[in-house]
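Here the sequence shown stands for residues 13 to 197, where the numbers follow my numbering.
These notes concern the structure reproduced below.
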Amino acid sequence: MEVDHSTVHRWVAHFSPQLLERFNRRKRVVGSKRDVHQGPRRYLYRAIDILRDTVEFFFSENRNQVAAQRFLRKALTRHGRPERIVIDGSQTNYEAILSCDAESRLRQRSRRPLKPIRSAIAGISTIGSNRITGVSSRIRSMLGFKSHANDVVILSGIEMIHMMGKRQARYAYKSVDRCFDLLAA
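This is the structure in structure tokens:
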């Protein structure tokens, strides 16, 4: 059976958000300590726990406090408050963590403050950097992106496949294709 590459692209754009939603329902619990990292140019915010599992990701055209707050609110509402967050030296990330922490403490009536840790050691944030390069190589082979809406859909599909490969879902099967079959069914 022959299928044109544009047809496959349309299938990815249509089915990727639905599959990611199903995957997130079956995702296992993440750790309580997280690293936050952004990628180059258009910004792929990603939170990774100690086991190097992807906690949450968010794609934005801007690297500013509003984008960082949207990402952190999304991660905090879906996965709860971690013990600590390790970030790079970015002031916008630091301020976003402090403001989102104040909001979540008011909602949960918690007195325990969240401790953002800026990594002064170069090796701490390389966990997230190594994952960004895997996404970058896929994007390079596709000759980049054309629109932001399509970027979000395709990157969510790439991230979902990476999470399946790391066995982050609660499935009895170890192969990515079997997990994909269960999600698509």
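Here a beta-carbon is modelled for each residue, glycine too, at the ideal position from N, C-alpha and C.
For residue i, does the three-state DSSP call read helix, strand or coil?
i, result
"isoleucine 97", "strand"
"glutamate 33", "helix"
"aspartate 16", "coil"
"aspartate 113", "helix"
"serine 72", "strand"
"glycine 169", "helix"
"serine 102", "coil"
"alanine 108", "helix"
"lysine 186", "coil"
With a CB to CB cut of under 7 Å and the five nearest residues on each side skipped, what residues in its chain are close to residue i?
i, result
"leucine 195", "Leu31, Arg34, Phe35"
"glutamine 77", "Thr104, Glu107, Ala108"
"lysine 178", "Asp65"
Return the residue from the list the options that minimises the CA-CA distance to residue i.
i, options, result
"methionine 172", "Thr66, Thr19, Asp163", "Thr66"
"methionine 176", "Phe27, Arg190, Ala87", "Arg190"
"alanine 25", "Glu68, Cys112, Ala59, Leu167", "Leu167"
"leucine 56", "Ser18, Leu84, Thr89", "Leu84"
"threonine 89", "Glu115, Glu14, Ile62", "Glu115"
Report all residues from its chain with a CB closer than 8 Å to the CB of residue i; omit the five preceding and five following residues, and keep chain order.
i, result
"lysine 39", "Met175, Gln180, Ala181, Arg182"
"lysine 86", "Glu68, Phe70"
"glycine 199", "With the chain covering 13 to 197 only, the question about residue 199 has no answer from this structure."
"valine 165", "Val24, Ala25, Ser28, Pro29"
"glutamine 81", "Ala108, Ser111, Cys112"
"alanine 134", "Note that alanine 134 scores 46 on pLDDT, short of 50, meaning its location in the model is unreliable; the coordinates nonetheless yield the value given after this. Cβ neighbours of alanine 134 beyond the five flanking positions: none."
Between which residues of its own chain and residue i is the CB-CB distance below 6 Å, once the five residues before and five after are set aside?
i, result
"histidine 21", "none"
"alanine 79", "Ser72"
"arginine 117", "none"
Among all the DSSP beta bridges, which residues are the ones paired with residue i?
i, result
"alanine 181", "Lys39"
Checking contacts by CB at 9 Å: is residue i closer than that to chain B?
i, result
"asparagine 162", "In summary, chain B is missing from the structure at hand, where a single protein chain is found."
Taking 8 Å as the cut-off, is the C-beta of residue i nearer than that to any heavy atom in the ligand NAD?
i, result
"threonine 104", "You won't find the ligand NAD in this model; it holds no ligand whatsoever."
Could you tell me whether the stretch 177 to 193 touches the stretch 83 to 100, using the rule of 3 or more Cβ pairs below 8 Å?
Because the criterion of three Cβ pairs below 8 Å is not met, the stretch 177 to 193 and the stretch 83 to 100 do not touch.
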